[in-house]
Amino acid sequence: MAKKENPDNKLVKEAQDRFKRCRDAESEFRNLFLQDLRFAHGDSDNGYQWPDLIRNARELDRRPCLTINKTIQHNRQITNEVRQNAPAVRVVPVDNGADRKTAEIFNGIIRHIEACSSADVAYETACEFAVDAGIGYWRITTDYAYEDTFDQEIYIKRIKNPLNVYLDPDIQEADGCDARFGFVFEDITKEEFEARYPGQEAVSWPMDNATASEWLSKDKIRLAEYFRIVEKEDTLIALEDGTLIRLGKLAEEQRKEAKAMAARTRPVKTKSVEWHFIAGDVVLESRDWLGQYIPIVRVVGEETEIDGKIDRKGHTRYMKDPARMYNYWTSSATESVALQSKTPWVAPAAAIEGYESFWQNANTQNLAYLPWNHVDENGDAVPMPQRAQPPVMPSAYMQGMQVAQEEMKMASGQYDAAMGARSNETSGRAIRARQMESDVANFHFIDNLSRAIRYTGKILVDLIPKIYDTPRIIRILGEDGSDEQAQIDPNQPEAVRETKDISGDIQAIYNLNVGRYDVTVAVGPSYTSRRAEAFETMTQMVQGNPDLMNKAGDLIMKAADFPMAEELAERLAKFLPPGLADDKQSPEVAKLKQDLEQCQAQLQALGQEYNQAVEDKDVELQKLTLERYGKETDRLKLLYQTMPQQISQVIAAEFGLNLVEEQREFAQEDEMRESQVYNDENSASDAEIINSTGAVSPG
Numbered sequence: 033m034a035k036k037e038n039p040d041n042k043l044v045k046e047a048q049d050r051f052k053r054c055r056d057a058e059s060e061f062r063n064l065f066l067q068d069l070r071f072a073h074g075d076s077d078n079g080y081q082w083p084d085l086i087r088n089a090r091e092l093d094r095r096p097c098l099t100i101n102k103t104i105q106h107n108r109q110i111t112n113e114v115r116q117n118a119p120a121v122r123v124v125p126v127d128n129g130a131d132r133k134t135a136e137i138f139n140g141i142i143r144h145i146e147a148c149s150s151a152d153v154a155y156e157t158a159c160e161f162a163v164d165a166g167i168g169y170w171r172i173t174t175d176y177a178y179e180d181t182f183d184q185e186i187y188i189k190r191i192k193n194p195l196n197v198y199l200d201p202d203i204q205e206a207d208g209c210d211a212r213f214g215f216v217f218e219d220i221t222k223e224e225f226e227a228r229y230p231g232q233e234a235v236s237w238p239m240d241n242a243t244a245s246e247w248l249s250k251d252k253i254r255l256a257e258y259f260r261i262v263e264k265e266d267t268l269i270a271l272e273d274g275t276l277i278r279l280g281k282l283a284e285e286q287r288k289e290a291k292a293m294a295a296r297t298r299p300v301k302t303k304s305v306e307w308h309f310i311a312g313d314v315v316l317e318s319r320d321w322l323g324q325y326i327p328i329v330r331v332v333g334e335e336t337e338i339d340g341k342i343d344r345k346g347h348t349r350y351m352k353d354p355a356r357m358y359n360y361w362t363s364s365a366t367e368s369v370a371l372q373s374k375t376p377w378v379a380p381a382a383a384i385e386g387y388e389s390f391w392q393n394a395n396t397q398n399l400a401y402l403p404w405n406h407v408d409e410n411g412d413a414v415p416m417p418q419r420a421q422p423p424v425m426p427s428a429y430m431q432g433m434q435v436a437q438e439e440m441k442m443a444s445g446q447y448d449a450a451m452g453a454r455s456n457e458t459s460g461r462a463i464r465a466r467q468m469e470s471d472v473a474n475f476h477f478i479d480n481l482s483r484a485i486r487y488t489g490k491i492l493v494d495l496i497p498k499i500y501d502t503p504r505i506i507r508i509l510g511e512d513g514s515d516e517q518a519q520i521d522p523n524q525p526e527a528v529r530e531t532k533d534i535s536g537d538i539q540a541i542y543n544l545n546v547g548r549y550d551v552t553v554a555v556g557p558s559y560t561s562r563r564a565e566a567f568e569t570m571t572q573m574v575q576g577n578p579d580l581m582n583k584a585g586d587l588i589m590k591a592a593d594f595p596m597a598e599e600l601a602e603r604l605a606k607f608l609p610p611g612l613a614d615d616k617q618s619p620e621v622a623k624l625k626q627d628l629e630q631c632q633a634q635l636q637a638l639g640q641e642y643n644q645a646v647e648d649k650d651v652e653l654q655k656l657t658l659e660r661y662g663k664e665t666d667r668l669k670l671l672y673q674t675m676p677q678q679i680s681q682v683i684a685a686e687f688g689l690n691l692v693e694e695q696r697e698f699a700q701e702d703e704m705r706e707s708q709v710y711n712d713e714n715s716a717s718d719a720e721i722i723n724s725t726g727a728v729s730p731g
């Protein structure tokens with residue numbers, strides 16, 4: 033009987049073959065990656081900016097070997113621009129089933145994921161590696177939100193060492209979304225491995241010794257996370273009503289019915305992603321990844337294919353030779369000056385005879401005077417001591433340093449204005465225009481980061497509905513960092529449904545599975561930077577037009593960054609004129625509006641009741657109606673008298689009232705009611721009073 037093959041062996045063999053392809057394709061690039069990374073971070077201690085042979089020879093001869101690292105500042109000019117103008121994901125609906133409000137929920141969830149993951153650190157780390165050495169990575173993972181829940185969360189994690197990642201070398205797309213497999217390596221000690229997997233033996237891969245040494249060393253073991261895409265054949269069926277069904281999702285008995293009802297069919301391939309955790313030649317863990325993309329995102333500096341080989345580089349590669357020139361000329365100039373004299377005194381022996389102690393310390397002490405013998409023993413004049421010519425910096429070295437510095441600017445595309453140096457431009461617009469010239473020269477680095485973040489958005493939009501797969505209330509973040517909540521229900525048929533809760537407020541419920549959504553990226557200043565700029569601009573506008581503070585004071589304070597600014601914005605919003613007030617009015621204003629509306633309705637009803645009593649000649653009802661009318665009018669008058677002045681102005685403006693005129697009419701009405709005689713003879717004038725004073729009620 034033939035021995036059944038272990039499926040793990042086939043999987044490990046596939047992983048080994050694919051890893052070897054990646055290693056062969058990237059071996060040359062990885063050597064250059066290390067060289068560029070070292071050069072970018074070279075300093076006087078590690079000496080990475082000097083070739084080893086030259087550095088060793090100069091140190092052996094005790095010659096200066098200086099490192100003036102200008103490269104890292106040119107690189108950080110790019111990466112710090114990214115920090116100030118970070119790309120941000122924007123989700124947009126693309127079909128009839130999708131909804132704009134649901135797209136905003138996606139945006140809020142993605143901002144929540146980025147905040148919880150410290151995604152800005154992952155983005156910035158990958159960008160710095162791309163600029164310094166050619167490529168950087170981050171990854172998307174999932175984990176349980178808490179120890180005592182089954183709800184999962186999505187996280188964006190930085191990858192500290194890009195050399196621990198290998199992706200499909202046959203990638204064609206710029207963002208790498210078509211990768212069919214990928215590896216993420218982790219090196220741990222054998223003791224830690226045994227603690228994680230007790231009883232599991234760490235064995236080497238069944239390959240050549242060179243390959244095995246990459247996976248297993250004397251003290252450490254390399255663990256591999258292996259992602260791969262698996263395709264399965266399926267059939268897509270279109271029914272007469274346009275409904276699309278995949279046979280693979282139906283039960284066996286349902287498939288025959290679906291085929292019989294099919295208007296059109298075509299073969300399709302479904303993709304799924306598998307994750308395997310491998311040590312040596314043993315598969316430790318395996319599970320399905322819920323998304324359809326390999327969750328590893330790359331940020332490339334520059335990538336070209338030359339003679340069938342991929343060449344990747346960052347900003348450092350172009351700076352290496354000019355930087356070496358600068359270091360060489362600086363070291364040579366220092367050496368030249370160091371070998372020159374220290375400008376000692378030159379004097380005849382007779383001139384300093386007897387004063388040797390003064391002249392021996394002339395270069396080390398701050399002496400008040402230096403005595404000397406101006407005549408010899410014969411009375412002849414002795415020349416005065418003089419200093420020798422001071423050390424001179426050779427002009428060739430200085431010119432060499434200047435040439436090297438200019439060549440660094442030409443190689444980087446970053447000139448003096450971009451590095452903060454003063455220039456002939458005086459206006460802010462002119463200075464910014466000069467700085468933008470350098471930004472354009474290196475914009476491809478920021479653009480490549482934007483592609484990577486856009487791909488991250490695609491992964492998240494695909495993954496979010498599969499992770500948030502139960503009805504729940506989720507946390508979302510606004511662009512300004514405000515914390516809100518949204519309710520989702522994957523079981524409802526539409527993308528968004530509005531219902532009323534117990535209090536009567538409208539509550540929106542979202543289904544993230546309905547509709548198709550695309551991802552774009554917006555590049556610009558961070559929200560904090562834009563808010564500061566907006567506050568400064570609006571403050572200048574208020575100085576020229578003080579009345580603007582009464583109409584937009586709440587918006588101006590929302591942009592402010594000082595303590596209590598938010599509270600001040602909320603208070604100013606309460607006193608906005610009608611038409612500008614926010615929907616969320618203060619409880620005080622809302623209560624007063626409600627009371628005034630009730631008074632209006634009550635006074636109108638009493639007026640109609642009194643008129644009817646006059647027609648019916650019901651004197652008792654007329655008296656009762658007038659009493660009730662007076663009480664209601666007194667209540668209205670009391671509202672006006674007790675409400676704060678600021679709120680009364682808001683209410684008066686909204687109801688179109690003239691408060692002075694209202695108070696005068698109140699006084700007239702009181703006087704008329706006091707002199708009124710309740711009998712049949714003057715009932716007609718009573719009706720006139722009601723009709724004339726009915727205007728007192730608001731509205």
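Residue numbers for the sequence shown, in the working numbering: 33 to 731.
Every residue gets a Cβ at the ideal spot worked out from N, C-alpha and C, and that includes glycine.
- For the region 132-217, the continuous beta strand (DSSP E) assignments of 3+ residues that do not extend past its boundaries occur at 167-176, 184-190 and 197-199, in sequence order.
- Burial state of Asn474 is buried, judged by a 10 Å Cβ sphere holding 16 or more other Cβ atoms.
- Arg507 sits close to His144, with the two beta carbons spaced by under 8 Å.
- A direct Cα-Cα distance of roughly 21 Å separates Tyr350 from Ser76.
- Per the Cβ contact rule, the region 90-101 is in contact with the region 362-381 (3 or more Cβ pairs under 8 Å).
- For Arg319 against Val332, the beta-carbon gap comes to about 29 Å, at or over 8 Å, which does not count as contact.
- One thing to note: Trp404 has its Cβ within 8 Å of the Cβ of Ala379.
- Lys649: not part of any alpha helix (DSSP H); DSSP gives it neither H nor E.
- DSSP places Pro327 outside both helix and strand once states are collapsed to three, so it counts as coil.
- In the same chain as Asp219, and ignoring 5 residues on each side of it, the C-beta atoms closer than 7 Å to its own belong to Lys252 and Arg254, in chain order.
- Rounded to the nearest angstrom, the gap between the Cα atoms of Tyr661 and Leu635 is 7 Å.
- The beta carbons of Ala566 and Ala591 sit closer together than 8 Å.
- DSSP, read as helix, strand or coil, puts Glu263 in strand.
- About 6 Å separates the beta carbons of Arg330 and Ile167, which is inside the 8 Å limit, making them a contact pair.
- Fewer than three beta-carbon pairs drawn from the region 391-410 and the region 422-439 are found closer than 8 Å, and the two stretches are therefore not classed as touching.
- Out of Met573, Lys669, Val551 and Glu526, the CA that lies nearest to the CA of Asp131 is found in Glu526.
- Taking 8 Å as the cut-off, the beta carbon of Ile142 is found closer than this to the beta carbon of Val121.
- Annotated as distal: Met440 and Pro503, with beta-carbon spacing of 8 Å or more.
- With contacts defined by Cβ atoms closer than 8 Å, Gly214 and Leu495 do not form a contacting pair.
- Within the region 478-565, no run of alpha helix (DSSP H) reaches 4 residues while sitting entirely inside it.
- In the DSSP assignment, Thr297 is bridged to Ile269.
- Bounds of the beta strand (DSSP E) holding Asp343 are Lys341 to Lys345.
- Under the 8 Å Cβ criterion, the region 58-74 counts as touching the region 101-118, having at least three qualifying pairs.
- Under the 8 Å Cβ criterion, the region 258-266 counts as touching the region 301-308, having at least three qualifying pairs.
- Less than 8 Å divides the Cβ of Pro497 from the Cβ of Leu544.
- For Ser389, the uninterrupted alpha helix (DSSP H) segment begins and ends at Glu388 to Gln392.
- DSSP lists Glu257 and Glu317 as the bridge partner or partners of Phe309.
- Per the coordinates, the alpha-carbon of Gln626 lies some 16 Å from the alpha-carbon of Thr665.
- Taking the Cα of Ile328 as reference, the smallest distance to any Cα among Leu199, Glu438 and Gly312 is reached at Leu199.
- In this structure, DSSP gives Gln418 an extended state, which the three-state scheme calls strand.
- In this structure, the alpha-carbon of Glu647 lies about 18 Å from that of Glu659.
- Sequence-distant partners of Arg278 (beyond 5 residues in either direction) whose C-beta falls short of 8 Å from its own C-beta, in its chain, are Asp266, Thr267, Leu268, Ile269, Val300 and Thr302.
- DSSP places Ala120 in no alpha helix (DSSP H) but in the uninterrupted beta strand (DSSP E) bounded by Ala120 to Pro125.
- Per the coordinates, the alpha-carbon of Val197 lies some 36 Å from the alpha-carbon of Ser514.
- Separation of Ala443 and Met357 (C-alpha to C-alpha, rounded to the nearest whole angstrom) is 13 Å.
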